[in-house]
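Under numbering that gives the first Met the number 0, think of the first position of the sequence shown as 0, with each following residue one higher.
Heads up, the beta-carbon is just placed ideally off N, CA and C, and yes, glycines get one too.
Since the model is a prediction, treat every value here as computed from it, not as a measurement.
Here the structure is laid out as structure tokens; the discussion comes afterwards.
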Amino acid sequence: MRHARRRVVRRVTRLAAVGGLLLGGAMVTNAVASEPSAPVIGVPFTAPPATGEGTDLVSRLGNARTAGSWIDSSGRPVVAVTDEEAAAAVKRAGAQAKMVGHSMSDLKSAAATLRSAPRVSGTSWALDYKNNQVVVRGDSTVSASAWSRMTEVAEGIGSFVRMERTEGTFTTRLNGAQPILSTAGRCSAGFNVTDGESDFILTAGHCGPDGSVWFADDRGRQQVGTSLKGSFPGDDYSLVKYDAGRAGKGADVVAVGDGKGVRITGVADAEVGQKVFRSGSTSGLREGEVTALNATVNYPEGTVSGLIETNVCAEPGDSGGPMFADGIALGLTSGGSGDCKAGGTTFFQPVTKALTELGVKLIVAKSAGGTGAAPAPSASQGAASPGTSAPVTGTDVSTLLSRLTDPRNVGPGMLVIAGSLVALVATRWIRAEQDRKAYRQYYSTTWG
């Protein structure tokens, strides 16, 4: 009877151990496979694309007869003109004409005069085409005496220079589009670009000097690449060369949060009045409007010119992140004032100039065309790159090991497996010992 009970206990123990192995294996498999669901790739956030018609008219008629263009609330281009003949030409082209008193030459001359004056950190100016003015702003760090000197310069230019004080401070946004980190701080990946041989991240120049090493994690374990060919101040762009040489699958996608991404199909210049979106690793996806072009900002680190001015908010860490509209790349986050609670002004480096100066092309969807855009030969290879939200193909060994050793993910399953193995070994050992003991007892009796 006692031997029968032992056999029952051993069988129950073995069955429990086998069940534990199956359960633990399922738990570990589920934990390892529980990557976030594949993001929705497409263009979930769109804006009416700029037609470029207004810009073409300004270029054709010249700076002496026009003063910029913008898009009205209905999406129709409007061109500021200085004479009736130019107005007639604009109307014949199907656009609206607005008569103004100062030409583009006047506006640019005013900006040049401001640029030649003694530099005052915390100030900016931009060409306001809609109001036919040059707007000068001073942040909270500009002293009363410095502001008074700038006001005197503005008054000497003319009444079309408007002076405004603004809250907050004009700073670069160092510190979704995914984060990239280095000893210089935290920034956001912008767009993926290629020179035909290697792939790069296009981001802000103030994020770090040439030679800065970038990582995808704050522990410095996942090295992404190294900065090179940066320009700041003056401009605000730089390249981060991928260590692997290729951006990988999903290189034509920028992340916008919540598992969604926008596929980039081309590149263009921004237009005043255009609705735009910006994505960054700190504040995520934000939207707004282009308010001015050819902006100059006097950051504490230096002066940057030729920027796009917007009313989109941004915060530290959003630097370098992409600005786009309807899947068209427009700019890289440079800096500004305010935050995403109170709002503010944010400036962007035009992507078109950065591509031209760096001699690279935007990586876009293979079926798409566009000025300065070309599909990369690596667009269908490897894992998703920082700044994108495309699904990863395959499982990286280091990622797998980190998940296996993370008790929050697979710890319970591993414990069940370990306990089950111990139980199996123990039952086998106990049975073997009992068999040996019975064997000795039997032969000792037999041998007398």
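Coarse secondary structure for Glu286, derived from DSSP in three states: Position 287 of the sequence shown, counted from the first residue, corresponds to residue 286. Of the three classes helix, strand and coil, the one that applies to Glu286 here is strand, per DSSP.
Where does Asp198 land, buried or exposed, given buried means 16+ other C-beta within 10 angstroms? Within the sequence shown, the letter at position 199 stands for residue 198. Its Cβ being crowded by 16 or more others within 10 Å, Asp198 is buried.
Quick check on the burial criterion: 16 or more other C-beta atoms within 10 angstroms. Buried or exposed for Glu196? Here residue 196 refers to the residue found at position 197 when the sequence shown is read from its first residue. Its Cβ having fewer than 16 others within 10 Å, Glu196 is exposed.
Measuring alpha carbon to alpha carbon, tell me which residue in Asp55, Met322, Asp338 is nearest Val275. Within the sequence shown, numbered from 1, the residue matching residue 275 stands at position 276. Here the closest residue by C-alpha is Met322.
Reduced DSSP category for Ala460 - H, G, I as helix; E, B as strand; rest coil: Nothing in the structure corresponds to residue 460, since the chain is present only between 0 and 447.
Neighbour-count burial assignment, Ser139, 16 or more Cβ in a 10 Å radius: Here residue 139 refers to the residue found at position 140 of the sequence shown. Result: exposed.
Distance, Cα to Cα, Trp146 vs Val135? Reading the sequence shown from its first residue, position 147 is the one you call residue 146. Reading the sequence shown from its first residue, position 136 is the one you call residue 135. Approximately 10 angstroms, taken between the alpha carbons.
Could you give the first and the last residue of the continuous beta strand (DSSP E) run that contains Asp198? Here residue 198 refers to the residue found at position 199 when the sequence shown is read from its first residue. 198–202 is the span of the beta strand (DSSP E), which, as asked, contains Asp198.
Exposed unless 16 or more other CB atoms sit within 10 angstroms - verdict on Pro117: The residue you call residue 117 lines up with position 118 of the sequence shown. Exposed.
Which residue marks the beginning of the alpha helix (DSSP H) containing Glu154, and which one marks its end? Residue numbering aside, residue 154 sits at position 155 when the sequence shown is read from its first letter. Run containing Glu154: 143–156, per the alpha helix (DSSP H) assignment.
Stretch pair the stretch 276–286 + the stretch 241–259: three plus CB contacts closer than 8 angstroms: yes
Compare the C-alpha of Gly74 against each of Gly93, Gly320, Arg64 and name the closest. Taking the first residue of the sequence shown as 1, we reach residue 74 at position 75. Closest by alpha carbon: Gly93.
Any idea what DSSP makes of Gly244, helix, strand or coil? Residue numbering aside, residue 244 sits at position 245 when the sequence shown is read from its first letter. Here Gly244 sits in coil by DSSP.
On the three-pair Cβ rule with 8 angstroms, is the stretch 180–187 touching the stretch 156–165? no
Below 7 angstroms CB to CB, which residues in the same chain sit around Gln222 once its five sequence neighbours on both sides are set aside? Counted from its first residue, the sequence shown places residue 222 at position 223. Residues of the same chain with a CB within less than 7 angstroms of the CB of Gln222, apart from the 5 flanking positions on each side, are Val212, Phe214, Asp242 in chain order.
Local Cβ density within 10 Å of Ser158, reported as buried at 16 or more and exposed below that: Here residue 158 is taken as the residue at index 159 of the sequence shown, counted from 1. Burial call: exposed.
Would you mind sorting Ile349 into buried or exposed? The rule is 16 or more other CB atoms within 10 Å of its CB. Taking the sequence shown and counting its residues from 1, the one referred to as residue 349 is at position 350. Here residue 349 is Pro; the residue named in the question, Ile, does not match the sequence. So Pro349 counts as buried.
Do the stretch 75–86 and the stretch 97–109 touch if we need at least three Cβ pairs shorter than 8 angstroms? yes
Does the distance from the C-beta atom of Lys228 to that of Leu357 stay below 8 angstroms? Taking the first residue of the sequence shown as 1, we reach residue 228 at position 229. Taking the first residue of the sequence shown as 1, we reach residue 357 at position 358. Cβ distance < 8 angstroms, so Lys228 and Leu357 count as in contact.
Can you grab the Cα-Cα spacing for the pair Ala66 / Tyr236, in whole Å? Mapped onto the sequence shown, residue 66 falls at position 67. Mapped onto the sequence shown, residue 236 falls at position 237. Roughly 28 angstroms separates the two Cα atoms.
Given this structure, state the Cα-to-Cα distance separating Gln273 from Thr332, to the nearest angstrom. Sequence index remark: in the sequence shown, residue 273 carries index 274 (1-based). Sequence index remark: in the sequence shown, residue 332 carries index 333 (1-based). Roughly 16 angstroms between the two C-alpha positions.
Please determine, among Glu308, Val57, Glu314, Gly343, the residue with the shortest C-alpha to C-alpha distance to Gly330. Numbered from its first residue, the sequence shown carries residue 330 at position 331. With distances taken between Cα atoms, Gly330 lies closest to Glu308.
For Ala111 and Gly316, what's the separation of their Cα atoms in angstroms? Numbered from 1 along the sequence shown, position 112 holds the residue referred to as residue 111. Numbered from 1 along the sequence shown, position 317 holds the residue referred to as residue 316. Ala111 and Gly316: Cα-Cα distance of roughly 31 angstroms.
How is Thr309 classed by DSSP in three states: helix, strand or coil? Position 310 of the sequence shown, counting from 1, holds the residue named residue 309. Thr309: strand per DSSP, three-state reduction.
Would you kindly work out how many angstroms separate the C-alpha atoms of Glu300 and Ala86, rounded to a whole number? Position 301 of the sequence shown, counting from 1, holds the residue named residue 300. Position 87 of the sequence shown, counting from 1, holds the residue named residue 86. So the two alpha carbons sit approximately 43 angstroms from each other.
Thr345 to Leu292, Cα distance in whole Å? For the purposes of this step, residue 345 is taken as the residue at position 346 of the sequence shown. For the purposes of this step, residue 292 is taken as the residue at position 293 of the sequence shown. Those two C-alpha atoms are separated by around 12 angstroms.
Is Asp338 helix, strand or coil when you go by DSSP? As a first step, residue 338 must be located in the sequence shown, where it is residue number 339. DSSP, read as helix, strand or coil, puts Asp338 in strand.
Rounded to whole angstroms, what is the Cα-Cα separation between Asp268 and Val239? One-based indexing of the sequence shown puts residue 268 at position 269. One-based indexing of the sequence shown puts residue 239 at position 240. The straight-line gap from Cα to Cα measures roughly 23 angstroms.
With H, G and I counted as helix, E and B as strand and the rest as coil, what does DSSP make of Glu84? Indexing the sequence shown from 1 puts residue 84 at position 85. Helix.
Rounded separation between Asp209 and Val271 - CA only: Against the sequence shown, residue 209 aligns to sequence position 210. Against the sequence shown, residue 271 aligns to sequence position 272. Their backbone Cα atoms lie some 33 angstroms apart in a straight line.
Indicate the three-state DSSP secondary structure (helix, strand or coil) for Ser318 in the structure shown. For this step, residue 318 is matched to residue 319 along the sequence shown. Three-state result, Ser318: coil.
Check Glu163 in the structure and name its three-state DSSP category. Taking the sequence shown and counting its residues from 1, the one referred to as residue 163 is at position 164. Three-state DSSP puts Glu163 in a strand.
For the beta strand (DSSP E) that contains Thr345, what are its first and last residues? The sequence position of residue 345 within the sequence shown is 346, counting from 1. From DSSP, the beta strand (DSSP E) with Thr345 extends over 345–349.
Indicate the three-state DSSP secondary structure (helix, strand or coil) for Leu400 in the structure shown. As a first step, residue 400 must be located in the sequence shown, where it is residue number 401. Per-residue confidence for Leu400 stands at a pLDDT of 34, beneath the threshold of 50, marking its modelled position as unreliable; no derived number is given.
Counted within 10 angstroms of its Cβ, other Cβ atoms place Ser142 as buried (16 or more) or exposed: Counting from one through the sequence shown, the residue named residue 142 turns up at place 143. It is exposed - the Cβ of Ser142 has fewer than 16 other Cβ atoms within 10 Å.
Against chain B, does Leu227 count as a neighbour if the rule is that its beta carbon must be under 8 angstroms from one of theirs? No chain B appears in the structure shown, which is made up of a single protein chain.
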